[in-house]
Amino acid sequence: MKIQRVPAPQLDYSRNEQQPHVIVGRPITLWCLVSGYPLPTIRWMKDGHLVPINGKSGIRLIEGGQGLEILEAKREHAGIWMCEASNAAGKTDYELNLDVWTLPIVFIHPEDNVRPVDSVITIQCQASGNPEPTLSWSKDDQPLITSAEGVRISLKGTRLDIPRLKQSHVGEYTCTATNEVGTSFATVHIDVLVPPVINRDNIEMSPRLPTAQTLTLICDATGKPLPEIVWYVNDTVIHETMSNVIIGEDGRYLQVNDVSLNDNGSYKCVASNIAGKDELLYTVAIVRKSFLRLNSKFKMFFL
Numbered sequence: 001m002k003i004q005r006v007p008a009p010q011l012d013y014s015r016n017e018q019q020p021h022v023i024v025g026r027p028i029t030l031w032c033l034v035s036g037y038p039l040p041t042i043r044w045m046k047d048g049h050l051v052p053i054n055g056k057s058g059i060r061l062i063e064g065g066q067g068l069e070i071l072e073a074k075r076e077h078a079g080i081w082m083c084e085a086s087n088a089a090g091k092t093d094y095e096l097n098l099d100v101w102t103l104p105i106v107f108i109h110p111e112d113n114v115r116p117v118d119s120v121i122t123i124q125c126q127a128s129g130n131p132e133p134t135l136s137w138s139k140d141d142q143p144l145i146t147s148a149e150g151v152r153i154s155l156k157g158t159r160l161d162i163p164r165l166k167q168s169h170v171g172e173y174t175c176t177a178t179n180e181v182g183t184s185f186a187t188v189h190i191d192v193l194v195p196p197v198i199n200r201d202n203i204e205m206s207p208r209l210p211t212a213q214t215l216t217l218i219c220d221a222t223g224k225p226l227p228e229i230v231w232y233v234n235d236t237v238i239h240e241t242m243s244n245v246i247i248g249e250d251g252r253y254l255q256v257n258d259v260s261l262n263d264n265g266s267y268k269c270v271a272s273n274i275a276g277k278d279e280l281l282y283t284v285a286i287v288r289k290s291f292l293r294l295n296s297k298f299k300m301f302f303l
């Protein structure tokens with residue numbers, strides 16, 4: 001009596017890549033070409049669990065189960081896939097490690113980077129993605145590297161430091177993450193707070209004028225953000241509600257009409273913003289205006 005030997009299943013996986021990968025959202029087919037008699041049955045497993053084949057899974061079998069097609073790859077499809085072929089002579093299996101590639105996602109923090117001059121700024125750039133993205137920096141669309149200007153970038157680009165903030169550092173800073181799938185970026189604005197400075201050029205600090213005239217005092221202040229200006233007389237806040245007072249151009253000048261001896265004193269303007277303050281002190285002298293009759297003419301003089 002002659003006994004016929006049943007060949008065990010044989011697998012051909014040459015149609016698969018050595019390191020199979022797929023970009024998230026795209027399809028991929030895993031192959032498990034089988035031979036043997038009787039024709040082996042094939043089942044697919046993922047991370048040790050039988051793969052469900054239904055309309056909800058987004059997976060279908062083709063060519064009698066020899067191909068497993070993922071219609072729209074998701075991150076959870078990454079992992080170990082195994083095809084197992086068996087017949088009366090035995091069984092064999094084959095494993096594939098599927099990698100799912102994803103576009104980088106970039107996060108920059110902190111998002112609020114407005115600081116006083118000479119302060120320290122540190123920006124963190126974190127990126128996720130598969131394969132691991134590489135990071136690069138730009139300022140106002142120009143490539144940025146560690147420089148003598150004071151910008152320092154860590155070796156992997158995850159951190160940008162400005163040890164001493166200056167006006168030249170103001171701008172849009174972009175962290176760009178790139179991998180084989182594509183490019184993503186996040187941008188943050190860096191701005192400088194400048195403490196107020198009051199212009200003292202050509203300013204008469206001790207004005208003297210007669211009664212009934214108009215007193216005008218200037219407080220030309222610059223800063224970032226634009227300073228708020230408050231006027232004081234003898235340490236009391238001046239309000240524009242006073243009948244003879246005009247405060248113009250957001251406090252940049254003070255006008256007192258029809259001055260009297262009561263308007264003598266120390267006038268101070270204080271310019272302040274979040275970065276600091278500056279002040280300018282005027283000492284105002286109001287003198288009485290008098291007239292003396294000389295030969296039917298009046299001559300004015302001050303007392």
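Per full-length UniProt numbering, the very first residue in the sequence shown carries number 1; after that it's consecutive.
Note that beta-carbon positions come from the ideal geometry of N, C-alpha and C, so glycine has one too.
Next on the checklist: For MET84, list the residues DSSP reports as bridge partners.
Outcome noted: Translated into positions along the sequence shown, residue 84 becomes position 84. Sequence check: residue 84 is Glu here, not Met. Answer by DSSP bridge pairing, in chain order: ARG43, ASP93.
Item to check | Length at least 3, wholly inside the UniProt domain "Ig-like" (104–191): the beta strand (DSSP E) runs in chain order | outcome: 113–116, 121–130, 134–139, 142–144, 159–162, 171–178
Checklist entry - Going by DSSP, what residues sit across from THR236 in a beta bridge? => result Along the sequence shown, read from residue 1 onward, the residue named residue 236 stands at position 236. DSSP lists VAL233 as the bridge partner or partners of THR236.
Checklist entry - Should LEU103 and HIS21 be called a contact, given that it needs their Cβ atoms to be closer than 9 Å? => result Residue mapping note: residue 103 aligns to position 103 of the sequence shown, counting from 1. Residue mapping note: residue 21 aligns to position 21 of the sequence shown, counting from 1. Between LEU103 and HIS21, the CB-CB gap reaches or exceeds 9 Å.
Next on the checklist: Quick check on this structure: which residue in GLN213, GLU279, ASP118 has the alpha carbon closest to the alpha carbon of ASP220?
Outcome noted: For the purposes of this step, residue 220 is taken as residue 220 along the sequence shown, with counting starting at 1. Of the candidates GLN213, GLU279, ASP118, the one whose C-alpha sits nearest the C-alpha of ASP220 is GLU279.
Item to check | Distance between beta carbons of ILE80 and ASP47, contact taken as under 8 Å | outcome: In the sequence shown, the residue the question calls residue 47 occupies position 47. In the sequence shown, the residue the question calls residue 80 occupies position 80. Contact holds; Cβ gap of about 6 Å.
Item to check | Inter-residue CB distance, SER138 and THR174 (contact presumed, cutoff 8 Å) | outcome: Start at 1 with the first residue of the sequence shown, and residue 138 comes out as number 138. Start at 1 with the first residue of the sequence shown, and residue 174 comes out as number 174. The Cβ separation is near 5 Å, so the contact holds.
Next on the checklist: Does PHE301 come out as helix, strand or coil in the three-state DSSP assignment?
Outcome noted: Taking the first residue of the sequence shown as position 1, residue 301 is located at position 301. Bear in mind that the predicted position of PHE301 carries a pLDDT of just 49, short of 50, making it too unreliable to give a figure here.
Checklist entry - Which residues in the same chain have their Cβ closer than 8 Å to the Cβ of ASN72, if we skip the five residues on either side of it in sequence? => result Counted from its first residue, the sequence shown places residue 72 at position 72. First, the residue type needs correcting, since residue 72 is Glu and not Asn in the sequence shown. Only GLY25, ARG26, PRO27, GLY58 meet the Cβ criterion.
Next on the checklist: Which residue wins for smallest C-alpha separation from ARG164, given the options THR183, LEU193, LEU155?
Outcome noted: Taking the first residue of the sequence shown as position 1, residue 164 is located at position 164. It is LEU193.
Next on the checklist: On a Cα-Cα basis, can you pick out the residue from VAL197, GLN213, VAL233, ILE203 that is closest to THR222?
Outcome noted: Taking the sequence shown and counting its residues from 1, the one referred to as residue 222 is at position 222. The shortest Cα separation from THR222 among VAL197, GLN213, VAL233, ILE203 belongs to VAL197.
Checklist entry - Between GLU172, VAL100, GLY150, which lies nearest to ASN113 when the distance is taken from Cα to Cα? => result Here residue 113 refers to the residue found at position 113 of the sequence shown. Of the listed residues, the one whose Cα sits closest to ASN113 is GLU172.
Checklist entry - Below 9 Å between beta carbons: does that hold for GLU211 and TYR253? => result Translated into positions along the sequence shown, residue 211 becomes position 211. Translated into positions along the sequence shown, residue 253 becomes position 253. Rather than Glu, the amino acid found at residue 211 in this sequence is Thr. No, Cβ-Cβ distance for THR211 and TYR253 is not below 9 Å.
Next on the checklist: Pop quiz: PRO38 and ALA88 are said to be a contact at Cβ under 8 Å. What is the actual Cβ separation, rounded to whole angstroms?
Outcome noted: Working through the sequence shown from its first residue, we reach residue 38 at position 38. Working through the sequence shown from its first residue, we reach residue 88 at position 88. Contact holds; Cβ gap of about 6 Å.
Checklist entry - Hey, GLY64 and ARG43: beta-carbon distance below 9 Å or not? => result The residue labelled residue 64 in the question sits at position 64 within the sequence shown. The residue labelled residue 43 in the question sits at position 43 within the sequence shown. No, the Cβ-Cβ distance between GLY64 and ARG43 is not below 9 Å.
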